[in-house]
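Number 59 in my numbering belongs to position 70 of the sequence shown; there are no gaps in the numbering.
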Amino acid sequence: MGSTAFVQLASGLVEAMGQRLDAARPTDDGLVYRTSDGFLYAFLEDPNRVSLEGIRRLADSDGDPTLRLVVLTPGRLPLLLAQEVARRGGTVVEGTRFTELARQLGLESLVGEEPRARPGAERRLLPSALQLDDVMHRARTWLDWGVPALALRFFRQASEMKPEYLPARVGIGRALLGLGLVGDADRQFDEVLASRPEDLEARLGKAAVLGARAHPHEEVALYRQLLEEDAARTEVRAHLLAALIDLKDWSSARVEVDAMLATTPEDPQLRFLRGVALEQTGQTQAGSSEREEARRLGLSYERESALCQHLGLPIPKPPPPSAPAPRATRATAPPAEAVATPTATTPPPRASRTGRPSTARPKASAGSSRAAPKRRGQSRKRK
C-alpha cells in the first residue's frame, strides 16, 4: 500500500472528482477504486515498482471486461507498461498531468505546491456559476489532452450540477465517443437535438458518429451541409478538413486548408498541412517551401514529427544542435533580451479511436468542445 500522504492525495482526488464508489481496496503499489459508472481508477505511488504482470493483474482483477482502467501516478510509467494499459483500452495520467489534476481540484498542497489565487474577475460570478465554469474547464482540458475517461467524469459532474446545461451533455457525448462507446454517444447527441435541433456541437457529434461507424463519406457530406447553412463556421470547416485528410482526399483538403489560411495565414500547423497537400498532389517544390515556412512560423520538430507519424509520412531529420553561445567578456555589452519563439496556435495531438495520435484541429472558439482539426478519430477512441 502507498504511503499515508499518497493515500490522502488519492482519496482527496477521488472525492473532489465527485466519484460514486462501488469498491475500494489497497494494493502493494497504491489504491484502486471502482466507480459506479464503470471505471477502475488505479493510483500508483511509484510506477517503477510496478511490473508488466502487475498491470495485467490490475486490469483483470475485478473480472469485468467492461471496466475501463485509468492509471494515475505522479511519476512516469515505463513505456512497456503504458502500452499495455493502452492495449487494454485504458488511460494513463502521469507526471505533470497528474500534478495538473491535483491543481485543478485545489489539492496543490498535497503535491508540494502553493495554492493558486483565483483571478479577481472570476469573483464577480456567483459561486454556483463559478463552480460550473471550473468543472467545464477541467472537462474540456482533459478532452483536449486526449483523456476522455477524466473528461467524462467532469462533464457528468457538470451535468449533475445543472441538468439542463446542454454543453455538458454534448461533452458527455464527445467523451463517450472518445472512449469508443459509439452507441451511447449517439443517444446522447440525439437527446440534445431533441430539445435543441439547431445545436451545432450536437450535429457535429452526429457527424463524428458516422465516421466512427465507418461511414466517412456520409460524415463529409454532413459537414458540407453544415457549411452550406453557414460558410463562416470555421469549426465545421476544421472537422471537414480532418475528415478529408483521413480519406486521403488531398485535393479537396487543400481547398479547405486554403480557406482556413485566408483568416489565419500564420498558423504553422495549417501551413504544414498545406505543404503536405501540395506534395501529395504533385507540387513537391512548393510543398517543401510551405513546410519550411511552417517551421519559421514556430512549428516545433516534435510537433512536425507527430504529424508526419499520424499522416504516414517519413519523419524529418532532427535539426542540427545549436552552437554554444560565446562567453561574454567584461568589455562586451550586455545581451539584448531574448525574443520569445512563436508557438503553434493549435493544441497537441489527441488520441483517435484506433489509438493512433491524430491531427489536432485548430480551435475556432473557446466554447467549442471539438474546435481543433484533429483526426475525426479523436471522437472515436480512447486512449
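We treat Cβ as the ideally placed atom computed from N, Cα and C, and that holds for glycine.
Residue environment, residue i, which counts as buried when at least 16 other CB atoms sit within 10 Å
i: residue 148; result: buried
i: residue 42; result: exposed
i: residue 251; result: exposed
i: residue 36; result: buried
i: residue 177; result: buried
i: residue 71; result: buried
i: residue 62; result: buried
i: residue 139; result: buried
i: residue 161; result: buried
i: residue 212; result: buried
i: residue 373; result: Residue 373 lies beyond the stretch modelled for the chain, which goes from -10 to 372, so this question has no answer here.
i: residue 79; result: buried
i: residue 156; result: buried
i: residue 12; result: exposed
i: residue 76; result: exposed
i: residue 137; result: buried
i: residue 8; result: buried
i: residue 271; result: exposed
i: residue 18; result: buried
i: residue -3; result: exposed
i: residue 127; result: buried
i: residue -7; result: exposed
i: residue 291; result: exposed
i: residue 34; result: buried
i: residue 187; result: exposed
i: residue 301; result: exposed
i: residue 172; result: exposed
i: residue 153; result: exposed
i: residue 196; result: buried
i: residue 217; result: exposed
i: residue 293; result: buried
i: residue 231; result: buried
Alpha helix (DSSP H) segment containing residue i, residue limits
i: residue 246; result: 239 to 250
i: residue 226; result: 223 to 235
i: residue 196; result: 189 to 201
i: residue 254; result: Taken as a continuous stretch (DSSP letters only), residue 254 belongs to no alpha helix (DSSP H), as it is neither H nor E.
i: residue 161; result: 155 to 167
i: residue 146; result: 137 to 150
i: residue 273; result: 273 to 285
i: residue 292; result: 290 to 300
i: residue -7; result: -7 to 5
i: residue 392; result: In this structure the chain extends from -10 to 372, so residue 392 is not present and cannot be described.
i: residue 185; result: That residue, residue 185, is in no alpha helix (DSSP H); it is neither H nor E in DSSP.
Integer Cβ distance of residue i from residue j, believed to fall under 8 angstroms
i: residue 190; j: residue 159; result: 4 angstroms
i: residue 242; j: residue 233; result: 4 angstroms
i: residue 47; j: residue 31; result: 5 angstroms
i: residue 143; j: residue 131; result: 7 angstroms
i: residue 6; j: residue 99; result: Contact doesn't hold; Cβ gap of about 14 angstroms is too wide.
i: residue 275; j: residue 267; result: 5 angstroms
i: residue 87; j: residue 57; result: Between residue 57 and residue 87 the Cβ distance is about 18 angstroms, and since that is not below 8 angstroms, they are no contact.
i: residue 66; j: residue 83; result: 5 angstroms
i: residue 264; j: residue 295; result: Not confirmed; about 16 angstroms, so no contact.
i: residue 205; j: residue 247; result: With 8 angstroms as the limit, residue 205 and residue 247 do not qualify as a contact, their Cβ atoms being about 22 angstroms apart.
i: residue 215; j: residue 192; result: 6 angstroms
i: residue 194; j: residue 174; result: 7 angstroms
i: residue 297; j: residue 310; result: With a Cβ gap of about 21 angstroms, residue 297 and residue 310 do not count as contacting.
i: residue 44; j: residue 74; result: 6 angstroms
Endpoints, the beta strand (DSSP E) within which residue i is located
i: residue 23; result: 19 to 24
i: residue 36; result: Neither: residue 36 is in no beta strand (DSSP E) and is coded neither H nor E.
i: residue 12; result: 10 to 15
Any C-beta of chain B under 8 angstroms from that of residue i
i: residue 228; result: The structure shown contains no chain B; it holds only a single protein chain.
Tell me, please, whether the stretch 199 to 218 touches the stretch 152 to 165 by the rule of three or more beta-carbon pairs shorter than 8 angstroms. no
Validate contact between the stretch 217 to 227 and the stretch 255 to 267 using beta carbons, cut 8 angstroms, 3 pairs: no
I want to know whether the stretch 22 to 41 touches the stretch 115 to 128 - three or more CB-CB distances under 8 angstroms. no
Whole beta strand (DSSP E) elements within the stretch 50 to 101, 3-residue minimum: 57 to 62 and 80 to 83
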